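All residue numbers in the sequence shown are consecutive under the numbering used here, ending with 583.
Don't be surprised by glycine CBs; every beta carbon is placed ideally from N, CA and C.
Note that the coordinates shown come from a computational prediction; the quantities given were computed from them, not determined experimentally.
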Amino acid sequence: MFLWCVLVLVNLVSVATGTNAGVKVRLTQKGLEYGRQIGIASIQQKLRTIKVPDISGTEKVDPIGKVQYSFTGMQIVNLGLPKSALALVPDTGVILSIGNAYINLHGNWRVKYLRIIKDSGSFDLAVSELTISTTVAVTSDDTGRPTVSMTNCAATVGSVNVKFHGGASWLYNLFSSFINKALRNALQKQICPLVADSIADINPHLKTLNVLAKVDQYAEIEYSMVGSPVISNTSIDLGLKGEFYNIGQHKEPPFSPTPFSLPSQDTNMLYIGVSAFTINSAGFVYNRAGALRLYITDDMIPSGSPIRLNTKTFGGFIPQIEKMYPGLMMKLLVETVKEPLMTFEPNNMTVQASSTVTAYAIQPNSTLSPLFVLNLEGSVSTHIYVTELKLAGNVTLNKIDMSLAKSYVGPFQVTSLDNIFTIVLKFAVIPKVNARLQEGYPLPAIGKMQLVNSQLQVLKVSLYIYHFALFQCSTVQVIHSHYQVKITV
């Protein structure tokens, strides 16, 4: 049961579930707003790479005749996207609208007319009231990861103002008419492809979602998407599988995920709901792998304790042990016999487990002689907290109930061992478990996400972790039967 508690805390932070989604992720309007700020900066950077091609041609001007012209070396000197907005379109995607954008360019002009007369100068061009509207679809790729793509885009250049420097002023009006048209076409052809590239740049970050992640030597987690995203007016919901498997052996557990819904809250950027199926699938995997077992030896007992793991100590409660195996050290093996179960109460998370305890006498040649086997029903309370980007915790022993399963030394009263086993567990096992838990287990993170001012509260139906995040805020919700644990990160 103690190892199970460790495993729950190790893996709770990185899981997702089965046919029905075991883990649900909700991105709210606040999360989209944060994404908008990042996206606009990316789009602005992309638009600065616009290459305006040289423009040249011939116009007939009365009474001069043909005028050859060229506009070259046009470079963007300033670009701004001061107004933008994101909106969700149910069952479609996200619409990004950019308004009142502007682009300032500088370039050179040159003309030739009457065959021999040439003139040249420079110009500054201001494009204003530029609008861009694009729809972004959110889907699942063939690996089960989310992906985004632009489905349509429209760009409109509102007005173009040109200021010429040098040359004859009568040429300016001539220039204004055709440079306006040529520039509009050049810009409108490039804007949407560059926006599409900027949106596509998001996908490498989404690819960091590991759809099959190794946890340790025993387990791996699959958290691919189980269906297409569900888009409403206020959020985007993703369903993830979130199931533990033995490495290389994807055997389904004898239970299935049940449908659950995320709360209708939108105060944080991101909500993650983790069902009990995910946690219990971990218990199934580790129990099946034989990983939920722990040997307890005398060196794990504090040196000042009067209780020692030897036949003399146990002989005080079971005299036949010392008679049959005088002066020998002992070893205890604690192992689960079925998947543990976690439940939740106000300010408390409890792991309930059915285990066996086998006691051995250690012979001088190091062979083990079995003494007895106990059935042990026990529970520990778990306190968890967030530190930096880790979920950490500690456990306390609640109670143990023991019964005799088998004795190799004759009958004895099991209740006589209650105190000794309580001491052994409290002083030998719990500190070892807590030392590992306090090292913490990493929370899912993307990019440079940072969590600050974290708070945690356990309720009868919910466990909340509140915190602000440089990158995102999120909620983890664990639902089991009538209990619901929700961790807002």
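With DSSP collapsed to three states, give me the class of Tyr207.
Looking at Tyr207 - three-state DSSP - the assignment turns out to be strand.
Of all the options Val503, Ala181, Lys283, which has the alpha carbon lying nearest to the alpha carbon of Tyr128?
The candidate whose alpha carbon is nearest that of Tyr128 is Ala181.
Which whole runs of the alpha helix (DSSP H) in the segment 239-325 are 4 residues long or more, in chain order?
If you keep only unbroken alpha helix (DSSP H) runs of at least 4 residues inside the segment 239-325, you get 264-294, 297-300.
Proximity below 8 Å, CB of Ile412 to CB of Phe506
Yes, these two residues count as a Cβ contact at 8 Å.
So, at 6 Å on beta carbons, what are the nonlocal neighbours of Phe338 in its own chain, with the 5 sequence-adjacent residues on each side left out?
The beta carbon of Phe338 sits closer than 6 Å to the beta carbons of Ala313, Ile315, Ser375, Ala376, Val379 from its chain, once the five residues preceding and following it are set aside; these are given in chain order.
Would you report the Cα separation of Asp148 and Gly367, rounded to the nearest angstrom?
Each residue's Cα considered, the two are about 55 Å apart.
Three Cβ pairs or more, each shorter than 8 Å: is that satisfied between the segment 149-162 and the segment 397-405?
No, the segment 149-162 is not in contact with the segment 397-405.
Residue nearest to Leu199 in terms of C-alpha spacing, selected from Ala529, Ile144, Lys526, Thr245:
Of the candidates Ala529, Ile144, Lys526, Thr245, the one whose C-alpha sits nearest the C-alpha of Leu199 is Ile144.
Outcome for His576 when other beta-carbon atoms lying within 10 angstroms are tallied against a minimum of 16
Low local confidence applies: a pLDDT of 29 at His576 is under 50, so the model's placement there is unreliable, with the coordinate-based value given in what follows. So His576 ends up on the exposed side.
Could you have a look at Lys417 and say whether DSSP puts it in helix, strand or coil?
In the structure shown, Lys417 sits in a helix (DSSP, three-state: H, G or I).
So, are the CB atoms of Ser191 and Ser227 less than 8 Å apart?
Yes. Within cutoff.
Using only the alpha-carbon positions, how far apart do Arg120 and Thr186 sit?
In this structure, the CA atom of Arg120 is about 16 Å from the CA atom of Thr186.
Using 10 angstroms around the beta-carbon of Gly240, count the other beta-carbons present and answer buried if the total reaches 16, otherwise exposed.
The sequence given here places Pro at residue 240; Gly does not occur at that position. It is buried - the Cβ of Pro240 has at least 16 other Cβ atoms within 10 Å.
Do Val445 and Val474 have their C-beta atoms within less than 8 Å of each other?
Yes, the Cβ-Cβ distance between Val445 and Val474 is below 8 Å.
Could you tell me if Val171 is buried or exposed, where buried requires 16 or more neighbouring beta carbons within 10 angstroms of its beta carbon?
Val171 is exposed by the Cβ-count criterion.
Would you mind sorting Asp392 into buried or exposed? The rule is 16 or more other CB atoms within 10 Å of its CB.
Classification for Asp392: buried.
Take every Cβ of the segment 280-287, pair it with every Cβ of the segment 316-332, and state whether three or more of those distances are shorter than 8 Å.
No, the segment 280-287 does not touch the segment 316-332.
For Asp213, write down the residues that DSSP places opposite it in a beta bridge.
Val205.
Would Gly193 and Lys206 be called neighbours here (beta carbons separated by less than 8 Å)?
No; because the gap between Cβ atoms is not below 8 Å, this pair is not in contact.
On a Cα-Cα basis, can you pick out the residue from Lys212, Asp235, Cys247 that is closest to Thr229?
The shortest CA-to-CA distance from Thr229 to any of Lys212, Asp235, Cys247 is the one to Cys247.
Whole angstroms are fine: how far does the CA of Asp213 sit from the CA of Asn327?
Put simply, the backbone Cα of Asn327 is about 58 Å away from that of Asp213.
One or two residues paired with Pro400 in a DSSP bridge
The partner list for Pro400 (beta bridge, DSSP) is empty, contrary to what the question assumes.
Residue from Leu386, Asp360, Glu433, Tyr454 with nearest C-alpha to Phe371:
Its Cα nearest to that of Phe371, the residue Glu433 stands out among Leu386, Asp360, Glu433, Tyr454.
Length of the line joining the Cα atoms of Gln551 and Gln414:
Residue confidence is low: Gln551 scores 41 on pLDDT, short of 50, so the model does not pin down where it sits. Its coordinate-derived value is still stated next. Their Cα atoms are separated by approximately 50 Å.
Please state whether DSSP places Gln507 in a helix, a strand or coil.
Residue state, collapsed to three classes: coil.
Would you decide whether Pro538 is buried or exposed? Buried here means 16 or more other CB atoms lie within 10 Å of its CB.
At Pro538, the pLDDT of 48 sits below 50, so the modelled position is not reliable and the matter cannot be decided from this model.
Who are the Cβ neighbours of Ala262 in its own chain at under 7 Å, not counting the five residues just before and after it?
Excluding sequence neighbours, Ala262 sits near Asp213.
Candidates Leu427, His477, Thr302, Asp495, of which the one nearest Ala447 by Cα
When each option's Cα is compared against that of Ala447, the closest is Asp495.
Alpha-carbon spacing of Asn492 relative to Glu471, whole angstroms:
Those two C-alpha atoms are separated by around 11 Å.
Taking the C-alpha atoms as reference points, what is the distance between Leu498 and Lys335?
Across the structure, Leu498 and Lys335 are spaced so that their CA atoms are roughly 41 Å apart.
Let me check understanding here. Comparing Cα to Cα, which of Pro157, Leu224, Gly333 lies closest to Val232?
Of the residues Pro157, Leu224, Gly333, the one whose Cα lies closest to the Cα of Val232 is Gly333.
For Gln123, the three-state DSSP class (helix, strand or coil):
Three-state DSSP puts Gln123 in a helix.
Looking only at its chain, what residues have a beta carbon closer than 7 Å to the beta carbon of Glu416, apart from the 5 residues adjacent to it on each side?
Only Thr405, Lys406, Gly409 meet the Cβ criterion.
Could you please give me the residues that DSSP links to Gln343 through a beta bridge?
DSSP lists Asn340 as the beta-bridge partner residues of Gln343.
Under the DSSP definition of a beta bridge, which residues are partnered with Arg130?
Residue pairing by DSSP places Arg130 opposite no residue, since no beta bridge is assigned to it.
Going by DSSP in three states, Gly384 sits in which element: helix, strand or coil?
Of the three classes helix, strand and coil, the one that applies to Gly384 here is coil, per DSSP.
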